[in-house]
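Numbering (our numbering), first residue to last: 1 to 117.
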């Protein structure tokens with residue numbers, strides 16, 4: 001049976017770490033360090049791969065593709081019959097990512113869009 005979680009997601013995935021100085025009125029961004037982009041920039045463009053749920057009879061599946069400025073993960077998460085619980089899909093990338101230590105007291109900002117509510 002399909003899980004209640006069944007979706008197609010478009011990721012406008014520009015992961016950025018921001019160091020923010022909070023004041024009583026308006027926060028000020030002190031540093032913005034892009035971690036992942038899809039614009040061809042060598043330091044922040046990585047090769048992502050989509051991984052399906054291969055364990056214990058998982059039936060979830062998906063795909064990963066790259067558009068000019070964002071990555072698209074498209075898939076369906078379904079229940080693992082033996083567990084009667086949802087499986088998973090994911091996209092991962094290996095490599096050297098920019099050092100974000102200078103913004104460690106800040107926030108991680110992900111720009112993500114989904115075609116489901």
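Positions of the beta carbon are idealized from the N, C-alpha and C atoms, including for glycine.
- Scanning 81, 58, 48 and 97 for the CA closest to the CA of residue 71 turns up 48.
- The stretch 94-102 makes contact with the stretch 33-42; the number of CB pairs closer than 8 Å reaches 3 or more.
- The beta carbons of residue 65 and residue 52 sit no closer together than 8 Å.
- Of the candidates 94, 57, 73 and 98, 57 places its Cα closest to the Cα of residue 82.
- If you ignore the 5 residues before and after residue 92, its C-beta comes within less than 7 Å of the C-beta of 48, 49 and 51, all in its own chain and listed in chain order.
- With fewer than 16 neighbouring CB atoms inside 10 Å of its own CB, residue 112 falls in the exposed class.
- Annotation for residue 83: no beta strand (DSSP E) segment contains it, and DSSP assigns it neither H nor E.
- Taking C-beta separations shorter than 7 Å and ignoring five residues to either side along the sequence, the partners of residue 46 in its chain run 36, 93 and 95, following chain order.
- Only exposed fits residue 67, as fewer than 16 other CB atoms lie within 10 angstroms of its CB.
- When C-alpha distances from residue 76 are compared across 89, 38, 40 and 69, the shortest belongs to 89.
- CA-CA distance, residue 41 to residue 109, rounds to 19 Å.
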